[in-house]
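Asks: Protein chains in written order, with the UniProt record's numbering: chain A, 1 to 115; chain B, 1 to 115.
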DNA sequence: CCCTTACTCAAGCATCTGCTTTATCAAGCG
DNA sequence: CGCTTGATAAAGCAGATGCTTGAGTAAGGG
């Protein structure tokens with residue numbers, strides 16, 4: 001079994017979001033499905049290039065591809081976005097907690113010096 | 001003036017977070033400052049390699065470097081993390097709003113069919 | 001003063017990215 | 001059936017990335 005680690009999932013999501021075209025594709029898909037051709041026209045880019053961007057987004061779990069006639073409509077999978085947010089929030093909580101402790105200690109020190 | 005666009009800032013932040021070593025550096029720094037040498041020992045990596053990772057994090061605004069004796073203590077700048085979260089939340093809000101509208105329309109259709 | 005410590009700069013190198021071009025495939029149309 | 005449309009596959013290429021080695025610099029210590 002080649003199960004994916006949490007680190008690899010985060011790698012894939014942040015790598016996918018590090019390109020402005022792919023971020024715009026995510027923003028576009030948050031408003032509804034789109035085909036490869038529609039996206040290619042939007043970015044004045046070849047369908048092959050878009051298809052490869054979709055591949056990156058698909059491997060990260062951010063986007064999935066369906067089938068409808070000859071088209072492969074792409075839709076957003078917001079669960080993968082939640083993975084990225086929760087990782088960031090974890091760091092921010094730790095940092096905020098440390099700041100709180102520092103302030104408490106500073107207040108203690110000032111009170112001690114004031115006596 | 002070569003002012004940085006919002007897109008370039010997001011590029012830099014997501015690119016910085018796309019590497020597992022750099023994510024771990026961010027997590028480590030959220031618990032307090034660290035020197036290049038300390039990080040190099042932690043990851044069993046050369047100081048040069050760590051210094052380059054710090055450079056990527058610094059250019060993204062996620063980390064800043066100070067000076068203390070011979071060391072260059074690194075500290076987290078959480079404001080840059082907020083930029084990434086707010087971008088993601090924007091997409092999620094749009095998606096959530098679309099889902100609400102779809103549900104409303106579905107409910108309307110069912111009510112219409114029930115009469 | 002030399003020597004060590006902590007770190008950065010610069011060049012080199014293997015690998016990865018983003019895009020291109022060419023070729024191929026699957027679905028529908030006349 | 002052939003032809004068009006929407007999309008993927010494969011190969012190639014310029015540029016970026018992650019790490020290395022070698023050289024250099026700033027701050028202390030003996």
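Ideal placement from N, C-alpha and C gives every residue a C-beta, glycine not left out.
Check whether the Cβ of residue 31 of chain B lies closer than 7 Å to any Cβ atom in chain A.
Replies: At least one chain A Cβ lies under 7 Å of residue 31 of chain B.
Asks: What do you get for residue 82 of chain A, buried or exposed, if any count of 16 or more other CB atoms within 10 angstroms of its CB means buried?
Replies: When all chains shown are included, residue 82 of chain A counts as exposed.
Asks: When every heavy atom of the ligand PLP is checked, does at least one fall within less than 6 Å of the C-beta of residue 96 of chain B?
Replies: With respect to small molecules bound, the structure shown includes none, and the ligand PLP cannot be examined in it.
Asks: Looking at C-alpha atoms only, which residue of B:98, B:35, B:45, B:60 is the closest neighbour of residue 69 of chain B?
Replies: Selected option, being the one with the closest Cα: B:35.
Asks: For the segment 37 to 44 of chain B against the segment 47 to 54 of chain A, do three or more pairs of beta-carbon atoms, one drawn from each stretch, fall closer than 8 Å, so that the two count as touching?
Replies: No: fewer than three Cβ pairs fall under 8 Å.
Asks: Straight-line CA distance for residue 87 of chain B to residue 15 of chain B?
Replies: Roughly 14 Å between the two C-alpha positions.
Asks: Express the C-alpha separation of residue 72 of chain A and residue 57 of chain B in angstroms, rounding to a whole number.
Replies: In a straight line, the C-alpha of residue 57 of chain B is about 37 Å away from that of residue 72 of chain A.
Asks: Can you pull the chain A neighbours of residue 85 of chain B, defined as C-beta to C-beta under 9 Å?
Replies: 84, 85, 88, 89, 92, listed in chain order.
Asks: Any beta carbon of chain B sitting closer than 7 Å to that of residue 107 of chain A?
Replies: So, not an interface residue.
Asks: With respect to the beta strand (DSSP E) encompassing residue 75 of chain B, which residues constitute its N-terminal and C-terminal limits?
Replies: 74 to 76 is the span of the beta strand (DSSP E), which, as asked, contains residue 75 of chain B.
Asks: List, in order along the chain, the chain A residues whose C-beta lies closer than 7 Å to that of residue 18 of chain B?
Replies: In chain order: 11, 14, 15, 18.
Asks: Alpha carbon to alpha carbon, what distance is there between residue 108 of chain A and residue 102 of chain A?
Replies: For residue 102 of chain A and residue 108 of chain A, the distance between alpha carbons rounds to 10 Å.
Asks: So which residues of chain A does residue 81 of chain B contact, with C-beta pairs closer than 7 Å?
Replies: Simply 88, 91, 92.
Asks: Is the beta carbon of residue 106 of chain A sitting closer than 7 Å to the one on residue 95 of chain B?
Replies: No, the pair does not count as a contact, with Cβ atoms beyond the cut-off.
Asks: Kindly indicate which three-state DSSP category residue 21 of chain A falls into: helix, strand or coil?
Replies: Helix at residue 21 of chain A.
Asks: Between B:26, B:66, B:19, B:84, which lies nearest to residue 6 of chain B when the distance is taken from Cα to Cα?
Replies: If we check each option's Cα against that of residue 6 of chain B, B:84 comes out closest.
Asks: Return the bridge partner residues of residue 5 of chain B from the DSSP annotation.
Replies: BP columns for residue 5 of chain B are empty, so no partner.
Asks: Would residue 25 of chain A be called buried (16 or more neighbouring beta carbons within 10 Å of its own) or exposed?
Replies: Burial call: buried.
Asks: Have a look at the DSSP bridge pairing and note the partners of residue 149 of chain B.
Replies: Residue coverage of chain B in this structure runs from 1 to 115, which leaves residue 149 of chain B outside it and unanswerable.
Asks: Do we get a CB-CB distance below 7 Å when we pair residue 99 of chain A with the residues of chain B?
Replies: Cβ-Cβ to chain B under 7 Å: no for residue 99 of chain A.
Asks: Taking a contact to mean a Cβ-Cβ separation below 7 Å, would you say residue 31 of chain B touches residue 91 of chain A in this structure?
Replies: Not closer than 7 Å, so no.
Asks: Anyone know if the C-beta pair for residue 12 of chain B and residue 64 of chain B falls short of 7 Å?
Replies: No, they are not a contact pair.
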